[in-house]
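Since the structure comes first, as structure tokens, the remarks are kept for the end.
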């Protein structure tokens, strides 16, 4: 890879609504996940595996894997509602796709009810909170890999001009060590040495129609993480696979 670019690519996705005005009682969490992948693994392993998966079940690769549509059997996934054998093969292969993907996973699950109770006056919203945690974990692993000074791309799914602009602003504040949390550290005299400016972090926003394999992988991962927090005793095959991957998964605020 070119020396100015990191050897790693990051794909981010979320599960749940990051708003705090009306909290969904059925899913009162917000999950942000970062999939950190070595570019050679993405090129040689993940992308070909996803293409093979799509060709096997649809005969073409224009289908976009979307966890919500898969779960509901909608759109291209309506085939899963009528053939039990096909459905079983599909999910077996889908689990194998995630299980075989070489990647490091970082996620923060924000318990919105607990956040509202514990930090009622905090200006941080769940998305910014998740972004701070995930970028700090990312900074740590990139430091361990000797990536200082390199350009690191974090890919997000585009949500519209206004939302993208707001997220980019939050992202760049963190990357410049100018986040609200960093300002609090300075005021209190604390310095945790978490210098994000050692990297050239760059956000890129891609529409769902772009059919990006990395974003589809992140989309498959986010909701099972949230369900593992909400229903820890419920069988969750996807979470059992996810938690074997290197990385870290935390909940905020802690119980």
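Numbering (our numbering), first residue to last: 10 to 264.
Built from N, CA and C at the ideal position, the CB exists for glycine as well.
What you are looking at is a predicted structure, and each value in this text was computed from that prediction instead of being measured.
Self-check item: Which residues DSSP lists as bridging residue 157, in chain order
Solution: Beta-bridge pairing links residue 157 to no other residue.
Practice problem: Would you tell me roughly how many angstroms separate the C-alpha atoms of residue 251 and residue 144, rounded to the nearest one? | Solution: 19 Å
Quiz item: Along the chain, where does the beta strand (DSSP E) that runs through residue 18 open and close?
Solution: 17-24
Quiz prompt | DSSP beta-bridge partners of residue 256 | solution = 114
Quiz item: Near residue 213, which residues of its chain fall below 8 Å by C-beta distance, leaving aside the five closest residues on each side in sequence?
Solution: 162, 163, 164, 165
Quiz item: If we ignore side chains and look at the alpha-carbon of each, how far apart do residue 26 and residue 38 end up?
Solution: 8 Å
Quiz item: Does the segment 226-241 come close enough to the segment 103-123 to have 3 or more Cβ pairs within less than 8 Å?
Solution: yes
Quiz item: CB-CB under 7 Å to residue 134, same chain, minus the five flanking residues each way: which ones, in chain order?
Solution: 27, 29
Quiz item: What's the call for residue 138, buried or exposed, on a 16-neighbour Cβ count within 10 Å?
Solution: buried
Quiz item: How about residue 148 and residue 205: do their beta carbons lie closer than 7 Å?
Solution: yes
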